[in-house]
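Following: one structure in C-alpha cells, then a few remarks.
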Amino acid sequence: MKRAAKIVVILLAVLSAAVAAALLFGAEWASPFSQDPGQRAIFFDIRLPRVLLGACVGASLAVAGAALQALLRNPLAEPYLLGVSNGAALGTMLAFVVFGNYVFARPLLAFAGAAAASVLVYSLAKTRAGMNVERLVLSGVIVTTFLSSVIIMLTTLLDAARLRSFTFWLLGDLSQATWSGVYLSFGAAVIATIILTSQARALNLMMLGERDAVDFGVEVGRVRLVVFGASSLVVGAAVAASGAVGYVGLIVPHLLRLAVGSDNRIVVPMSAIAGAAFVVLADLAARVAIAPRELPVGAITALLGAPLFVYLLRKN
Amino acid sequence: MLEARDISVKYGGTTILADASLRLSPGKITAIVGANGAGKTTLIKALNGAVPISAGEILLDGKPIDSFSRSQIAREVSVVAQETESRFPVTVREFVLTGRFAYGSPFGWENARDIEAAERAIADCELVELSGRLMNDLSGGERQRVVLARALASEGHVLLLDEPTANLDLANQTLMFRLVLERCKKQEYAAAIITHDLNLAAEFADEVVMMAKGRIVHSGKPEEILNATNIREIFSVEVILDTNPSSGKARVTQVY
Chain A
1 MKRAAKIVVI LLAVLSAAVA AALLFGAEWA SPFSQDPGQR AIFFDIRLPR
51 VLLGACVGAS LAVAGAALQA LLRNPLAEPY LLGVSNGAAL GTMLAFVVFG
101 NYVFARPLLA FAGAAAASVL VYSLAKTRAG MNVERLVLSG VIVTTFLSSV
151 IIMLTTLLDA ARLRSFTFWL LGDLSQATWS GVYLSFGAAV IATIILTSQA
201 RALNLMMLGE RDAVDFGVEV GRVRLVVFGA SSLVVGAAVA ASGAVGYVGL
251 IVPHLLRLAV GSDNRIVVPM SAIAGAAFVV LADLAARVAI APRELPVGAI
301 TALLGAPLFV YLLRKN
Chain B
1001 MLEARDISVK YGGTTILADA SLRLSPGKIT AIVGANGAGK TTLIKALNGA
1051 VPISAGEILL DGKPIDSFSR SQIAREVSVV AQETESRFPV TVREFVLTGR
1101 FAYGSPFGWE NARDIEAAER AIADCELVEL SGRLMNDLSG GERQRVVLAR
1151 ALASEGHVLL LDEPTANLDL ANQTLMFRLV LERCKKQEYA AAIITHDLNL
1201 AAEFADEVVM MAKGRIVHSG KPEEILNATN IREIFSVEVI LDTNPSSGKA
1251 RVTQVY
C-alpha cells in the first residue's frame, strides 16, 4: 500500500510535468501569460483541449488494456490489437456517413461498434478447451483487417479533403480536439476507471485461470460482461474523439507491472494516470518531430508498441 | 457436509457423468480413483457447482447448492485444481491471498483476518521462505503446494482436491496428505481426493470411490473395495494385494 501511494505520487508528478510541457512546447512556444493574444489563443484554444483530450484518451485506452489483459489472461490483449478500436472506428464512420453532423451519434455508434467487436473476437478465440495466446491474437488480426476493409470501402463516399483528415484520424490523431470531445471522453474515462477498478479483485483471480476463479467465488460471467461493457464504453468514447491510437493499452500496463507487480487493484487505476501521461508525451513528440508539420499520435505509439509486442510474443 | 444425489453432467449431447451419488462428511477423506477419462474431474467440478448438472441434486449443508452464491459456496468448499499456468508475474503471497476473494468487498483490501489465514496456510505448507518469490520461478512441486495453500487460506470446510500429488516427489506427497489428514481429523473438514495412487488411497482414505466410464461402480471402505477383481475391472491390470507391514493397511502391487 505504501509503495502504491508512492507510485501514485510519482505518476501524478510525471503527468503534471507532461501536461505542462505539452502546453508550452510545440511548433512554437506558447505562454498563458503572454502579451501576444495569438500566443494565448494557441495556448488556451488549441493546445489546452488537445492536451486534455490526449490525457483522457491515454487514460481510457490504458485502463481498458489493463483490464482486458487480466480478463483474457493474455498480456498481449489490447483494444487496438483486438479489433475493438476498429469496431469503434467503423461505428464512428457509420455515424458520420449516415447521421452527418449529428455529433452525439458518433460516440454512441462507436460504443456499439466496440462492444460488437469485443464479443466477436471473444467468441472467435474461445474454444471448449479455453483460449490460447495465439488464437486470441489471430482472432484480433482477422477482426481488425475485416473491419479495416469495411472502413476503407466507406471512405470512397468521402471527398478528397475530408479523406486526408479522415486518414489521419484513423491512425489516431488529436489535432481535431474539441471541448465537447474532451468532456465526453473525460466522463467516460472516469466512469470506466471506477467500474474496472471495482472488478480488480475478481480480475486478480481471473488472470490466474477462469476455472479457479469460479472455485474461489467469482461470478465469471458477470465480470466478463462488466469488463467488456466498460472497456467498450471507454474505447468507444476515445476512438470517436481521436481515432484508433494503437498500443497504448499494451505498453502502459506492461511497464506498470514491471514497476508495481500484477495486482490489478493497483495496475488498473494507475494505468489510467500513466496512460494519460504517455499519450500527452507521445502527442508532444508527434507535434515537434517534424515541425511545423505534424505526425498522427498513433504513428508514434505504434512505433514504440510494435517492438514491445514482438518482445512479449517471443517471451511467451 | 456436501452430498450429491444421482447427479449427471452432459457436454453437448455426450454424458460425461451419470447417476453419481456421493456423501462427503466431516472428518472423512474420500478417495476417488479410476482410469483417465472416467469422469473424476467432472465429478469434482460438479460438486461445487462449477459445471451445471443435467439431473439429480447437490446439497450443501442440506440445502440445494444453486441456492448459494458463488462466494457463499467458496467460503464452504475449497478446491485444489490441476495446475494452471499464468503469464503474469505473481508472488506466492499474492497468489495465496487471492484465496480470500469470497470474504472481501469489491474495492476492499485484505484485512488482518485475511492476512492471518494466508500466513497460516503458507506456514502449514512450508512455504515461508518462498513467499516473496514469483510463481513462475518455482518448481512444479512447489507450485502445487502453493495451490494447496491458497485452498487452505479460503477456509472451506469441504476440500476437493484434483490429483494434488501429481508431479510431487515422495516427501511432498507425504506432506500433502499429512496436511489434508490433519485438517480432516483435527478440524472436522470433509475431503474428496482424486488420486492415481491406490496405496495412498488405501493408507489415508476412509472411503474409496471407483469410477469407470462416467459412473461410480464401487464405493465403500478401502479394505472392502480395493481387491484384485475390482482393480482388474476398473484399470484392466493384474495386482497382488497384501498387507503393508508398517501400517497394517492394504498394499497394492502391480504385476507387469
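Chains A and B, in that order, give the protein sequences.
Under the numbering used here, the first residue of the first sequence carries the number 1, and numbering increases by one thereafter.
Under the numbering used here, the first residue of the second sequence carries the number 1001, and numbering increases by one thereafter.
Just so it is clear, CB atoms sit at the ideal spot from N, CA and C, and this is done for glycine as well.
Considering only DSSP beta bridges, list what ILE1242/B is partnered with. The question names Ile, but residue 1242/B in the sequence shown is Asp. Answer is ARG1251/B, bridged to ASP1242/B.
Compare the C-beta of LEU205/A against all C-beta atoms of chain B and say whether one is closer than 9 Å. yes
Kindly indicate which residue of ILE151/A, SER185/A and LEU154/A has the alpha-carbon position closest to the one of ALA276/A. SER185/A
Can you name the residues that DSSP bridges to ASP1162/B? ILE1194/B
With DSSP run on the structure shown, which of helix, strand or coil describes ILE232/A? One point to set straight first is that residue 232/A is Ser, not Ile, in the sequence displayed. Reduced to three states, the DSSP call for SER232/A is helix.
List, in chain order, every chain A residue whose beta-carbon is nearer than 9 Å to that of PRO1089/B. Correct list: ARG257, LEU258, GLY261 and SER262.
Assuming SER85/A contacts VAL235/A under a Cβ cut-off of 8 Å, what Cβ separation, rounded to an integer in Å, is found between them? 6 Å
Strictly under 9 Å for the Cβ-Cβ distance: is VAL1077/B near chain A by that measure? yes
If we require 4 or more residues per run, which alpha helix (DSSP H) segments fall completely within the stretch 19 to 97 of chain A? 37 to 41 and 48 to 71
Which one of PHE168/A, GLY217/A and VAL218/A has the shortest CA to CA distance from ILE300/A? Sorting PHE168/A, GLY217/A and VAL218/A by C-alpha distance to the C-alpha of ILE300/A places PHE168/A at the top.
Proximity test, Cβ basis, 9 Å: SER1054/B and chain A: no
Put ALA160/A into one of helix, strand or coil per three-state DSSP. Residue state, collapsed to three classes: helix.
So which residues of chain A does ALA1081/B contact, with C-beta pairs closer than 9 Å? GLY209, ARG211, ASP212 and ASP215
Would you list, in chain order, the members of the stretch 1096 to 1117 of chain B that have their beta-carbon closer than 8 Å to a beta-carbon of chain A? Within the stretch 1096 to 1117 of chain B, THR1098, GLY1099, PHE1101, ALA1102, GLY1104, PRO1106, PHE1107, GLY1108 and TRP1109 place their CB atoms closer than 8 Å to a CB of chain A, listed in sequence order.
Contact criterion: CB-CB distance below 9 Å. Does THR197/A meet it with respect to chain B? yes
Check whether LEU196/A and VAL268/A have beta carbons under 9 Å apart: yes
Taking C-beta pairs closer than 7 Å, name the residues in chain A that ALA1035/B reaches, listed in chain order. Per Cβ cutoff of 7 Å: no residues; ALA1035/B is ~21 Å from chain A at best.
Cutoff 9 Å: PRO75/A Cβ touching any chain B Cβ: yes
Closer than 7 Å between beta carbons: that is the criterion. Which residues of the stretch 1039 to 1067 of chain B meet it against chain A? ASN1048 and ALA1050
Between ALA116/A, PHE166/A and LEU258/A, which has its C-alpha nearest PRO79/A's C-alpha? Among ALA116/A, PHE166/A and LEU258/A, the Cα nearest to that of PRO79/A belongs to ALA116/A.
ARG211/A versus LEU1161/B: straight-line alpha-carbon distance, rounded: 14 Å
Looking at the structure shown, is ALA128/A part of a helix, part of a strand, or coil, going by DSSP? Looking at the sequence provided, one finds Arg at residue 128/A rather than Ala. ARG128/A falls in the coil class under three-state DSSP.
Under 9 Å, Cβ to Cβ, is there at least one residue of chain B near GLU134/A? no
Determine whether the Cβ of ARG40/A lies closer than 9 Å to any Cβ atom of chain B. At a cut-off of 9 Å between beta carbons, ARG40/A makes no contact with chain B.
Excluding the 5 residues flanking ALA272/A on each side, which residues of the same chain have their C-beta closer than 7 Å to its C-beta? ALA59, ALA62, VAL63, ALA189 and THR193
Does the Cβ of ASN1036/B have 16 or more other Cβ atoms within 10 Å, making it buried, or fewer, making it exposed? exposed
Of the residues PHE1204/B, ARG1023/B, THR1195/B and GLY1012/B, which one's Cα is nearest the Cα of LEU1181/B? It is PHE1204/B whose Cα lies nearest to the Cα of LEU1181/B.
Could you tell me whether the stretch 158 to 174 of chain A touches the stretch 239 to 257 of chain A, where touching means 3 or more Cβ pairs closer than 8 Å? yes
Limits of the alpha helix (DSSP H) - the one that HIS1157/B falls within: Neither: HIS1157/B is in no alpha helix (DSSP H) and is coded neither H nor E.
Which residues in chain A have a C-beta closer than 8 Å to the C-beta of THR1084/B? List them in chain order. LEU208, GLY209, ARG211 and ASP212
My parser needs the alpha helix (DSSP H) runs of 4 or more residues fully inside the stretch 1090 to 1137 of chain B; what are they? 1092 to 1097 and 1112 to 1124
My parser needs the beta strand (DSSP E) runs of 3 or more residues fully inside the stretch 1008 to 1044 of chain B; what are they? 1014 to 1024 and 1029 to 1034
Candidates ARG73/A, ARG50/A and LEU158/A: closest to LEU94/A by CA position: LEU158/A
Looking at the unbroken beta strand (DSSP E) that takes in ARG1215/B, where does it start and where does it end? 1215 to 1220
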